[in-house]
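If you're matching positions, the sequence shown starts at 1 in the UniProt record's numbering and goes up one per residue.
Beta carbons: idealized from backbone N, C-alpha and C, even for Gly.
All figures in this text were calculated on a predicted structure; none of them were measured in a lab.
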Amino acid sequence: MPEPRMFRILVVEDSHSERLFISSVIKAIQFEGATMDVMDCNDGQKALDLCQHQTFDLILSDWRMPNLSGIELCIAVKKHASPPYILLLTGNSQDEDLIFAMSSGADDYLAKPFAPKVLQIRVVAALRLVSAQHVMHAQQQELTQALALNQAQLNDKQTELQQAALLQQALLPDAEFSQNHWQANHCFIAASELAGDMMQCFAIDNDTIGFFLVDITGHGAGPAMLSFTLTQLLNPNQVDWQLTPAELMCHLNQHFIDPCDQGTFATVLIGKFNTLSGELILSNAGHPRPVIMGPQNASEINMPSHLPVGISKDTQYTNWQSILQPNDRLMIYSDGAYEGHHDTHGMFGMQRLLNICKNTVSLGPSALLAHLQHCLSLWQQGQQQDDISVLLLSHDAIEK
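This is the structure in structure tokens:
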């Protein structure tokens with residue numbers, strides 16, 4: 001229970017007897033156990049001087065006084081940042097006097113002569129209002145402090161997210177990765193600070209590259225942490241990439257953990273490519289089918305797709321094999337590359353993605369990815385809806 005407070009009250013009255021009378025009436029007030037600290041002075045100028053150096057909750061002032069009237073005192077005091085409540089006491093009882101007093105800054109008006117009980121009631125009403133204002137001010141200070149603390153914590157979290165996003169970017173493929181005239185270009189756009197997508201491309205040996213793309217359901221910090229975990233499970237320093245993509249997928253599926261048990265899963269595509277022979281081996285766990293772009297056409301690979309990683313430990317994954325020619329390109333991507341929604345025209349769609357691939361065969365890989373990114377941004381009207389990841393393998397013989 002809060003301790004009873006003390007109210008500081010100033011009585012301004014040029015009549016000595018009136019000052020004593022008013023002060024004694026106020027000191028006799030019983031209000032919520034509060035203490036009345038009553039000061040007095042005999043003119044408005046002295047009252048104004050006191051207000052320059054002290055803080056009062058309530059001022060009771062006579063209207064007509066030497067040096068500075070009660071009205072002039074009201075006008076001057078109300079210019080302060082936190083002015084006190086002012087009760088003006090006067091023998092003037094006309095309506096126009098009341099209007100003039102209130103418009104000059106008085107909070108209440110009491111005509112003389114008055115009964116002590118009436119004065120006490122008016123003072124108690126004023127103190128109730130002052131108490132409420134103090135409570136509101138204290139609550140506002142608490143809210144301001146809480147807001148400042150929350151903002152500081154939010155800034156810290158934002159900094160952490162930005163640092164995590166930089167780390168995530170650092171885990172992406174080398175922008176200039178190449179082997180035996182084959183190169184890997186990529187496009188990576190997170191829907192929020194952190195993405196649920198992650199991809200990588202690296203050399204297994206002098207002739208073979210390995211690559212994968214992981215897409216966790218959702219986006220943000222949770223999926224990003226899980227995609228990071230899966231990426232580490234596929235790190236060539238952690239697992240033997242002499243295994244086939246299907247065996248790597250089984251390894252990933254067996255070690256997948258949904259920490260919050262919320263039905264989270266991942267679509268994954270894992271591949272190995274021999275940059276000398278052109279042999280391509282892929283394994284697909286519920287991921288969008290890759291696209292092969294030839295000199296005249298672009299089409300999805302008709303390959304088997306199995307359950308996403310994390311659905312069932314019993315899932316068996318298989319390999320798909322083919323030969324990639326030097327004039328072919330292989331594009332793997334997350335569903336964000338074609339599921340963007342337009343308010344009027346609906347989903348971007350797989351067919352539109354294929355059309356872009358067909359119509360950009362004359363572009364180099366970097367220009368192709370930039371054009372695709374531009375088309376997706378226009379379709380989504382600048383509102384990123386999902387993580388977008390695209391990895392493009394191409395021979396430098398078709399680099400424009």
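For residue i, name the three-state secondary structure that DSSP assigns.
i, result
"His-342", "strand"
"Val-390", "strand"
"Asp-207", "coil"
"Arg-329", "strand"
"Lys-78", "coil"
"Ser-299", "strand"
"Leu-354", "helix"
"Gln-139", "helix"
"Phe-7", "strand"
"Leu-376", "helix"
"Lys-112", "coil"
"Thr-144", "helix"
"Lys-272", "strand"
"Asn-185", "strand"
"Ile-257", "coil"
"Asn-287", "A quick correction: the sequence has His, not Asn, at residue 287. Looking at His-287 - three-state DSSP - the assignment turns out to be coil, as it is neither helix nor strand."
"Met-65", "coil"
"Val-239", "coil"
"Asp-215", "strand"
"residue 403", "Past the boundaries of the shown model lies residue 403; the chain is included only from 1 to 400, so the question cannot be answered."
"Leu-127", "helix"
"Gln-153", "helix"
Give every residue of the same chain whose Cβ lies closer than 6 Å to the Cβ of residue i, excluding the five residues on either side of it in the sequence, and list them in chain order.
i, result
"Pro-223", "Gly-196, Ile-216"
"Gln-380", "Gly-340"
"Phe-188", "Leu-172, Ser-389"
"Gly-105", "Cys-74, Ile-75, Lys-78"
"Ala-370", "none"
"Ala-101", "Leu-88, Tyr-109"
"Leu-368", "Thr-360"
"Ile-311", "Phe-265"
Compare the Cα-Cα distances from residue i to each of the options and report the closest residue.
i, options, result
"Asp-57", "Leu-50, Glu-96, Ile-86, Leu-167", "Ile-86"
"residue 460", "Leu-392, His-251, Leu-89, Phe-348", "Any property of residue 460 remains undetermined from this structure, which presents the chain solely from 1 to 400."
"Ser-334", "Val-361, Ala-152, Asp-386", "Asp-386"
"Thr-315", "His-255, Asp-62, Trp-182", "His-255"
"Asp-343", "Asn-327, Gln-383, Met-198", "Gln-383"
"Leu-353", "Tyr-338, Ser-366, Ala-367", "Tyr-338"
"Val-130", "Ala-34, Gln-351, Lys-46", "Ala-34"
"Asn-92", "Glu-279, Val-77, Ile-71, Ala-298", "Ile-71"
"Gln-169", "Leu-147, Gly-210, Ser-227, Val-135", "Ser-227"
"Pro-308", "Gly-286, Leu-154, Ile-323, Leu-324", "Gly-286"
"Met-199", "Asp-14, Asp-207, Leu-230", "Leu-230"
"Ile-121", "Ser-17, Arg-5, Gly-44, Ala-28", "Ala-28"
"Lys-313", "Met-249, Gln-373, Ser-178", "Met-249"
"Pro-304", "Asn-319, Ala-298, Leu-167, Pro-236", "Asn-319"
"Gln-54", "Ser-82, Val-123, Leu-143, Cys-74", "Ser-82"
"Leu-393", "Pro-4, Met-293, Ala-184", "Ala-184"
"Ser-299", "Ser-69, Arg-329, Gln-140", "Arg-329"
"Ala-266", "Phe-273, Leu-143, Asn-253", "Asn-253"
"Asn-180", "Pro-259, Phe-202, Glu-96, Ser-17", "Phe-202"
"Ala-175", "Ser-366, Thr-275, Leu-376, Gln-373", "Ser-366"
"Ala-164", "Leu-194, Asn-150, His-137, Ser-178", "Leu-194"
"Ala-246", "Met-225, Lys-157, Tyr-317, Asp-207", "Tyr-317"
"Cys-357", "Gly-294, Arg-5, Ala-138", "Gly-294"
"His-16", "Ala-111, Glu-160, Asp-40, His-345", "Asp-40"
Can you say whether residue i is buried or exposed, counting buried as having 16 or more other CB atoms within 10 angstroms of its CB?
i, result
"Ile-99", "exposed"
"Ser-277", "exposed"
"His-134", "exposed"
"Asp-205", "exposed"
"Ser-69", "buried"
"Asn-284", "buried"
"Leu-154", "exposed"
"His-186", "buried"
"Thr-306", "The identity of residue 306 in the sequence shown is His, whereas the question assumes Thr. Buried."
"Leu-234", "buried"
"His-374", "exposed"
"Asp-258", "exposed"
"Thr-144", "exposed"
Run the proximity test for residue i: is its beta-carbon closer than 7 Å to any non-hydrogen atom belonging to the ligand ADP?
i, result
"Phe-7", "As for the ligand ADP, it is missing from this structure, which has no ligand bound."
Which residues in the same chain have their Cβ closer than 7 Å to the Cβ of residue i, if we skip the five residues on either side of it in sequence?
i, result
"Asp-14", "Asn-42, Asp-43, Asp-62, Met-65, Pro-66"
"Met-36", "Phe-7, Ile-9, Ile-26, Lys-27, Ile-29"
"Gln-325", "Gly-278"
Tell me which same chain residues have a C-beta within less than 8 Å of the C-beta of residue i, skipping the five on either side of it?
i, result
"Ile-301", "Leu-282, Arg-289, Pro-290, Val-291, Ile-292, Trp-320, Ser-322"
"Leu-213", "Asp-197, Met-198, Met-199, Val-268, Leu-269, His-287, Ile-332, Tyr-333, Ser-334, Ser-389, Leu-391"
"Asp-108", "Tyr-85, Ile-86, Leu-87, Leu-88, Arg-122, Ala-125, Ala-126"
"Pro-236", "Phe-202, Ile-204, Gly-210"
"Gln-45", "Asn-67, Leu-68"
### Query
Counting pairs of Cβ atoms below 8 Å between the segment 16-24 and the segment 46-53, do you hit three or more?
no
### Query
Are there three or more Cβ pairs, one per stretch, closer than 8 Å when the segment 354-371 is compared with the segment 237-244?
no
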